[in-house]
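Heads up: the sequence shown begins at 7 in the numbering used here, then just goes up one per residue.
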Amino acid sequence: MKTRERTAAAGGRSAAPVPQSGDRLPFAPRERKPALAALAVLLILAGALGTAVLVLRAGNQVAAVQISERVPAGEGISDADIEQVMMPEDSDIPYIRWDLRGDLDKFYATTDLVPGSVLVSEMIQKGKGLEEGQTVVGVTMESGQMPGGLVDGARVDAYFVGDSPSTSGSGEDGSTGSTGTVTTGDVLAEGVKVQSIVRGDEGTVTSGTMTVNLLVDKTQAGPLVAAASEKEVGLTLVSSGS
């Protein structure tokens with residue numbers, strides 16, 4: 007009897023509905039953000055534009071003249087002394103363009119040109135700059151052997167500052183010989199022009215020294231070269247102009 011009652015009670019309750027496999031739970035519609043999408047597009051375009059600008063700038067280069075072989079001051083520049091190097095077209099360096107190399111036979115070096123240097127206009131001058139009977143003597147000295155502020159084009163007197171007399175001179179034809187003796191304080195060259203100055207921090211001479219290239223008469227070259235080889239030359243400033 008009880009079993010029937012429980013069965014009847016259970017049969018009276020309705021079974022929970024079973025969701026069909028094709029039904030989906032309801033969801034809120036996704037919010038669209040057109041502003042963010044536009045920003046993303048702009049960022050992509052900006053990145054692409056920046057890359058294009060870098061590529062274009064890297065391509066804006068021109069061929070320039072670079073020194074491949076040493077050229078002493080006062081000497082001409084031949085095709086064997088130069089090579090091509092690429093330089094930025096908008097560079098502030100006044101380099102000589104490669105397509106103008108054919109005009110270099112009219113110019114001469116105003117200072118010693120070393121390999122690896124990009125040739126700029128300040129390194130050359132039209133005309134050799136050496137008159138008949140002149141030569142250039144390089145004198146390496148400490149800063150205390152010359153006046154402060156010495157510049158290219160200045161006029162100086164060169165003195166012998168060695169401790170002992172030096173026997174050196176020049177022959178009748180102007181060639182170096184051993185015909186004279188100079189002592190401390192003697193003038194080796196008077197009123198000569200400083201053609202160029204090469205400082206130690208440029209890697210040409212040791213640190214703390216300078217090489218002063220003097221434009222002198224060949225008759226003065228003998229004693230000056232002899233004294234310069236022993237670093238026994240002192241300079242005094244005559245004129246700061248060229």
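Beta carbons are placed, not taken as given, at the ideal position from N, Cα and C, and that holds for glycine.
Every value quoted in this text rests on a predicted model; they were computed, and no experiment measured them.
For residue i, which residues from the same chain have a beta carbon less than 7 Å from its beta carbon, with the 5 sequence-adjacent residues on both sides left out?
i, result
"residue 226", "194 and 195"
"residue 202", "79, 116, 117, 158 and 219"
"residue 215", "146, 147, 148 and 206"
"residue 107", "71 and 88"
"residue 223", "139 and 140"
"residue 160", "200, 243, 245 and 246"
"residue 104", "69, 70, 71 and 90"
"residue 132", "112 and 113"
"residue 208", "Unreliable positioning characterises residue 208 in this predicted model, as indicated by a pLDDT of 45, which lies under 50. The coordinate reading is nonetheless provided below. So the list is empty, once near-sequence residues are dropped."
"residue 86", "75"
Kindly list the residues whose CB is nearer than 6 Å to the CB of residue i, restricted to its own chain and excluding five residues on each side of it in sequence; keep chain order.
i, result
"residue 110", "83"
"residue 14", "At residue 14 the pLDDT is 48, less than 50, meaning the model places this residue with poor confidence; the figure from the coordinates comes in the next sentence. Excluding sequence neighbours, residue 14 sits near nothing in its chain."
"residue 197", "161 and 244"
"residue 234", "145"
"residue 81", "115"
"residue 8", "Caution applies to residue 8, whose pLDDT of 48 falls short of 50 and renders its modelled position unreliable; the value that the coordinates give is listed next. The answer is none, since no qualifying residue turns up."
Going by the CB atoms, is the gap between residue j and residue i shorter than 8 Å?
i, j, result
"residue 94", "residue 72", "no"
"residue 102", "residue 114", "no"
"residue 200", "residue 156", "yes"
"residue 204", "residue 217", "yes"
"residue 76", "residue 120", "yes"
"residue 100", "residue 123", "no"
From the DSSP secondary-structure annotation, give me the bridge partner or partners of residue i.
i, result
"residue 190", "Residue 190 pairs with nothing; no bridge assigned."
"residue 103", "70"
"residue 130", "115"
"residue 223", "140"
"residue 169", "Partner(s): none; residue 169 has no beta bridge."
"residue 202", "219"
"residue 245", "161"
"residue 239", "166"
"residue 47", "Answer is none; residue 47 lacks a bridge partner."
"residue 124", "72"
"residue 145", "218"
"residue 195", "164"
Ordered along the chain, which non-local residues of its own chain (more than five positions away) have a Cβ less than 8 Å from that of residue i?
i, result
"residue 242", "153, 162, 163 and 165"
"residue 151", "167, 237, 239, 240 and 241"
"residue 44", "none"
Answer with yes or no whether the minimum CB distance from residue i to chain E is below 8 Å.
i, result
"residue 83", "Of the chains in the structure shown, none is chain E; there is only one protein chain."
Entirely enclosed beta strand (DSSP E) segments - the segment 61-97, minimum 3 residues
67-73 and 88-94
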